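Right, one structure below, let's go through it.
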Amino acid sequence: MVDPVLASRLQFALTTIVHIVFPVMSMGLAPFLIYFTWKDIRTEEPIYEQLRRFWTKIFAVSFVVGTVTGIVLEFEFGTNFAAFSTAAGELFGGPLAIEGMMAFMLEATFLGVFVFGRERVSDALYFVSSLAVGVGTWLSAVWILIANSWMQTPRGYELASENGRTVVHLVDPVAAYLNPRFGFMFVHMQNAAVESVALFMAGVAAYFVFRHHVWGYPVEHVSFWEATLKIALVALLITAPLQVLHGDLYARHVYETQPQKFAAMEAVWETESYVPEYIIAVPTDLADLTDPRAKELLGIGIPGGASWLASGGDPTAEITGLNEFESEAPPVAIVFWAFRAMVGMGFWFILLAFWGGYRWLTGDLLEDDLLHKALMASSLLGILAVELGWIVTEVGRQPWVIQGGMRTSEGVSPGLTGAEATLTLAGFVLVYAALLGLYAYVVVRIIRAGPPGRDDLESVSEPTPPSGPEAPAGVTGDD
Amino acid sequence: MTDVGSLAAEPLFGLPLPELWFALLFAMLGTFLFLDGFDFGAGALFATRSDQEERETVLAAIGPFWDGNEVWLVVFGGALFAAFPAVYAALFSRHYLLMFAILGALILRGMAPEMYEQRHDAAWQRWWGRAFVAGSVLAPLLLGAFVGNWVAGSPRSVTLTGALVGATLVALTVVSGTAFLRLKSRGRLRTEIRRYGEGAVVIYLVGVLASLGSLSSALGTGAVTSGPVLALVGLSVGLAVGYVLALRAGRDLLALAASAVLTYGLVAVVALLMYPAIDPASGLTVAEGIVSVLPLNLMSIGAALLLPLVTTYFVVLYSAFSGPAEPSEAY
Numbered sequence: 264m265v266d267p268v269l270a271s272r273l274q275f276a277l278t279t280i281v282h283i284v285f286p287v288m289s290m291g292l293a294p295f296l297i298y299f300t301w302k303d304i305r306t307e308e309p310i311y312e313q314l315r316r317f318w319t320k321i322f323a324v325s326f327v328v329g330t331v332t333g334i335v336l337e338f339e340f341g342t343n344f345a346a347f348s349t350a351a352g353e354l355f356g357g358p359l360a361i362e363g364m365m366a367f368m369l370e371a372t373f374l375g376v377f378v379f380g381r382e383r384v385s386d387a388l389y390f391v392s393s394l395a396v397g398v399g400t401w402l403s404a405v406w407i408l409i410a411n412s413w414m415q416t417p418r419g420y421e422l423a424s425e426n427g428r429t430v431v432h433l434v435d436p437v438a439a440y441l442n443p444r445f446g447f448m449f450v451h452m453q454n455a456a457v458e459s460v461a462l463f464m465a466g467v468a469a470y471f472v473f474r475h476h477v478w479g480y481p482v483e484h485v486s487f488w489e490a491t492l493k494i495a496l497v498a499l500l501i502t503a504p505l506q507v508l509h510g511d512l513y514a515r516h517v518y519e520t521q522p523q524k525f526a527a528m529e530a531v532w533e534t535e536s537y538v539p540e541y542i543i544a545v546p547t548d549l550a551d552l553t554d555p556r557a558k559e560l561l562g563i564g565i566p567g568g569a570s571w572l573a574s575g576g577d578p579t580a581e582i583t584g585l586n587e588f589e590s591e592a593p594p595v596a597i598v599f600w601a602f603r604a605m606v607g608m609g610f611w612f613i614l615l616a617f618w619g620g621y622r623w624l625t626g627d628l629l630e631d632d633l634l635h636k637a638l639m640a641s642s643l644l645g646i647l648a649v650e651l652g653w654i655v656t657e658v659g660r661q662p663w664v665i666q667g668g669m670r671t672s673e674g675v676s677p678g679l680t681g682a683e684a685t686l687t688l689a690g691f692v693l694v695y696a697a698l699l700g701l702y703a704y705v706v707v708r709i710i711r712a713g714p715p716g717r718d719d720l721e722s723v724s725e726p727t728p729p730s731g732p733e734a735p736a737g738v739t740g741d742d
Numbered sequence: 007m008t009d010v011g012s013l014a015a016e017p018l019f020g021l022p023l024p025e026l027w028f029a030l031l032f033a034m035l036g037t038f039l040f041l042d043g044f045d046f047g048a049g050a051l052f053a054t055r056s057d058q059e060e061r062e063t064v065l066a067a068i069g070p071f072w073d074g075n076e077v078w079l080v081v082f083g084g085a086l087f088a089a090f091p092a093v094y095a096a097l098f099s100r101h102y103l104l105m106f107a108i109l110g111a112l113i114l115r116g117m118a119p120e121m122y123e124q125r126h127d128a129a130w131q132r133w134w135g136r137a138f139v140a141g142s143v144l145a146p147l148l149l150g151a152f153v154g155n156w157v158a159g160s161p162r163s164v165t166l167t168g169a170l171v172g173a174t175l176v177a178l179t180v181v182s183g184t185a186f187l188r189l190k191s192r193g194r195l196r197t198e199i200r201r202y203g204e205g206a207v208v209i210y211l212v213g214v215l216a217s218l219g220s221l222s223s224a225l226g227t228g229a230v231t232s233g234p235v236l237a238l239v240g241l242s243v244g245l246a247v248g249y250v251l252a253l254r255a256g257r258d259l260l261a262l263a264a265s266a267v268l269t270y271g272l273v274a275v276v277a278l279l280m281y282p283a284i285d286p287a288s289g290l291t292v293a294e295g296i297v298s299v300l301p302l303n304l305m306s307i308g309a310a311l312l313l314p315l316v317t318t319y320f321v322v323l324y325s326a327f328s329g330p331a332e333p334s335e336a337y
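Those protein sequences? They're chains H and A, same order as listed.
So the first sequence is numbered by the working numbering: it starts at 264 and just counts up by one.
So the second sequence is numbered by the working numbering: it starts at 7 and just counts up by one.
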């Protein structure tokens, strides 16, 4: 029997790790879809209608799975973390409620118009619906990240004790909701979503371009895939360098506001200066698995790199070691390796973007098979990097659910039994494995089916007459 | 430090905000149960259709709407969390397994139509069709059980009252689902489903009486026979008659409106039976459970600004897709 605290934490980890895939897809696709819709309406070029219709299908299925997995998260604060919800609801519940009313409502209603309504509404309303859906997905992120960032850098609150329980009171809403972390998280997350989708689009497009131009198989709509590849590359060229530059600022901010998390990211146990940035650090003893830098069997690092990162340019800066903190350290190895893998991939994406851009310039974009293979292999790495980034963020702040204010173990529902929590955890493992499998199945089918053929397009065939006023309800009395 | 001034001192304009939020919460629950209710009802009626084109019409009818409809549940949960955090926490953790069963049913219901349309072989569609029906029936059944246990103050999740309220809610979703599907369909489908709506509305009334009878043991006979409750039950009987007459006259929109009022009436009965408590199991009252003044005022401003906007989104959505759905429009 698993302890209810551990089972609740594992379940929340699992349900967020699975859920975040879908918002990344929908938030990342949003700017592309707005652009495709705009160009489709303005230019009436068939390629934009193909782009819009194809990527809207993937957007729609991502949105549906994102909805059903998102409701789970909102409920889990109450079911599994009732003590946290009771104590912090005053601060934490508001952003979730506003997210529902301001963002989720906007996206979910206009999604209906956007996915099903091209023939039913005017061009202007159709474009507005693409904007509403896109803006809605990003507004969702605003409120969810306001809630999350407050847990990382809590401000504007007071801790009180009422009936023997710790209660959080909101005293300064501006300080609480515009806390210092929010801006860093929002920029990093939204750019990551666009970058991840750009990598996904590029990888899928590279597959068809490769089949056609390298292997010489006939591929239907190859011009569609070529256009997708180029658009994705442009997005990657913009987002990949930004992500690393911005990530550097973000890491420094973590050093300043969550020094314990930063120490875990670098596996610094004792306070020291001139700390190297280890790229690889392998311990000699299995017992040291939580301490990647202990008695290194193998360690490759940039001298002073971690200090340089923390201070923004000073390789001699001091980093406070994990042993200096009163609270126990987070699982260091997970944070240390997740951070490295994420940063490593971030640099790889820049390389990929410049490689593709260079080949485009030299006119070999469609023939460079090594580039195609690299893009195909990297198609899901953007999403993986987002997952790792969130693991650094969330595992790295342990043992705190509210940094410095409340421990995660204190937040779990008091009446929850290990049996109940284990049962639902096991259920989620099964259901979410099935859900991911089905989602992958649907996305692969959409990709295999390809974009709509030219004969199906409105912009090529005769424009369909506008659907006239429908017969009002009740007039066609057929009973 | 931002000066929050009088926002932290007293409720906005001296309004009875705790009571207004209690009412708003049940209005949100009612909106969810009506809007997603007719999606669930359409899902239950899907089981009665064997014709391929009619099944596609059912899916096409709810396709553009259900996601927006279901967000009312998210908004209800968020509002409960924000306005009554202790109630949200106590209620959701008390009915732990029931909450996850509800989530499971909603996942099944949401995924099934998406999957159904993926392949056109018979076995695949048969199984995803069944999954769609199962999710559509289980979701209101379990949600009803949750509401029943909530108002009865039951510490357990599996109770007779819960089962009765659940079954009553399933019947109500078929009532609204019938009216909605008739608005969205033509021909045989539209004609044949009428009898299910008529049967369901009778079952619904019986279910309401049985639920009240079962609740009387927990809440006392006086509570369930109070004037306002009896008035709402009487109103429901009248609405049920009106619903049947409207269906027979082919006035489907009127029938849908009647089922909306029936749904809000049911939720109003629940709220009346509960008040002044908001968590009968622990005896916590609205006045005790409400969040502090500052967040309450902020939430009230947020809701007052946003809910009118949300209403316009729904007006745009439903007017864009007015009139019957075509089977080809499904996904």
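Note that beta-carbon positions come from the ideal geometry of N, C-alpha and C, so glycine has one too.
Just so you know, these numbers come straight off a predicted model, no measurement behind them.
Rounded C-beta distance between residue i and residue j? I'm assuming under 8 angstroms.
| i | j | result |
| --- | --- | --- |
| A:L260 | A:A252 | 4 angstroms |
| A:V77 | H:F367 | 5 angstroms |
| A:T291 | A:P282 | 5 angstroms |
| H:V507 | H:I613 | 6 angstroms |
| A:M70 | H:F322 | Reading off the sequence, residue 70 of chain A comes out as Pro, not Met. With 8 angstroms as the limit, A:P70 and H:F322 do not qualify as a contact, their Cβ atoms being about 15 angstroms apart. |
| A:M305 | H:V331 | That belief does not hold up - the Cβ atoms of A:M305 and H:V331 are roughly 26 angstroms apart, past 8 angstroms. |
Please list, in chain order, the chain H residues whose beta carbon lies closer than 8 angstroms to that of residue i.
| i | result |
| --- | --- |
| A:Q124 | Y704, V705, R708 |
| A:M117 | V327, V328, V331, L698, L701 |
| A:G74 | M368, A371, T372, L374, G375 |
| A:V10 | V434, D435, P436 |
| A:V80 | G333, I334, E337, G363, F367 |
Whose Cβ in chain A lies nearer than 8 angstroms to the Cβ of residue i?
| i | result |
| --- | --- |
| H:F771 | Since the displayed chain H opens at 264 and closes at 742, residue 771 of chain H lies outside it and no answer follows. |
For residue i, does the three-state DSSP call read helix, strand or coil?
| i | result |
| --- | --- |
| A:H126 | coil |
| H:G564 | strand |
| H:E533 | coil |
| H:P728 | With a pLDDT of 46 at H:P728, under the threshold of 50, the modelled position of that residue is not reliable, and the figure given next carries that caveat. Residue state, collapsed to three classes: coil. |
| H:T502 | helix |
| H:M268 | It should be pointed out that residue 268 of chain H corresponds to Val in this sequence rather than to Met. The answer is helix: DSSP assigns H:V268 an H, G or I state. |
| H:Q453 | helix |
| A:G205 | helix |
| H:P358 | helix |
| A:V10 | coil |
| A:G226 | coil |
| H:F373 | helix |
| A:T6 | The structure shown does not extend to residue 6 of chain A, since chain A spans only 7 to 337, so no value can be given for it. |
| H:Q313 | helix |
Mind checking who residue i pairs with in its DSSP beta bridge?
| i | result |
| --- | --- |
| H:E421 | H:H432 |
| H:I543 | H:I563 |
| A:T291 | A:A283 |
| H:W663 | H:R670 |
| H:I582 | H:E535 |
When the cut-off is 8 angstroms and only beta carbons count, does residue i lie next to chain C?
| i | result |
| --- | --- |
| H:F338 | Absent from the structure: chain C. Protein chains present are H and A. |
Anything in chain H within Cβ reach of residue i, meaning under 9 angstroms, just list it in chain order.
| i | result |
| --- | --- |
| A:Y319 | M368, L369, A371, T372, F373, A395 |
| A:G205 | The premise fails here: A:G205 is roughly 16 angstroms from chain H at the closest Cβ pair, so nothing lies under 9 angstroms. |
| A:Y102 | T342, N343, S676, G678, L679, T680, E683, A684, T687 |
| A:M121 | L701, Y704, V705 |
Quick one: which chain H residues come within Cβ less than 7 angstroms of residue i?
| i | result |
| --- | --- |
| A:L304 | G357, P436 |
In chain A, what lies closer than 7 angstroms to residue i by C-beta?
| i | result |
| --- | --- |
| H:S348 | F87, P91, Y94, A95 |
Touch test, the stretch 503-510 of chain H against the stretch 672-679 of chain H, Cβ-Cβ under 8 angstroms, three pairs minimum: no
Inter-stretch contact at 8 angstroms, needing at least 3 Cβ pairs: the stretch 213-224 of chain A / the stretch 192-204 of chain A: no
The stretch 358-374 of chain H / the stretch 150-168 of chain A touching (three or more Cβ pairs under 8 angstroms): Because the criterion of three Cβ pairs below 8 angstroms is not met, the stretch 358-374 of chain H and the stretch 150-168 of chain A do not touch.
The stretch 550-557 of chain H in contact with the stretch 689-699 of chain H per 3-pair CB rule at 8 angstroms: no
Cβ contact check for the stretch 113-120 of chain A and the stretch 133-151 of chain A: 3 or more pairs under 8 angstroms: With a cut-off of 8 angstroms, the stretch 133-151 of chain A and the stretch 113-120 of chain A count as touching, because enough Cβ pairs lie within range.
Segment contact flag, the stretch 583-598 of chain H with the stretch 430-450 of chain H, C-beta cutoff 8 angstroms, min 3 pairs: no
Stretch pair the stretch 579-591 of chain H + the stretch 518-526 of chain H: three plus CB contacts closer than 8 angstroms: When C-beta atoms of the stretch 579-591 of chain H are compared with those of the stretch 518-526 of chain H, three or more pairs fall below 8 angstroms, so the two segments count as touching.
Contact the stretch 82-96 of chain A vs the stretch 307-323 of chain H: 3+ CB pairs below 8 angstroms: no
Contact between the stretch 79-88 of chain A and the stretch 356-365 of chain H (3+ Cβ pairs under 8 angstroms): yes
Cβ pair count under 8 angstroms reaching 3, the stretch 306-315 of chain A against the stretch 177-186 of chain A: no
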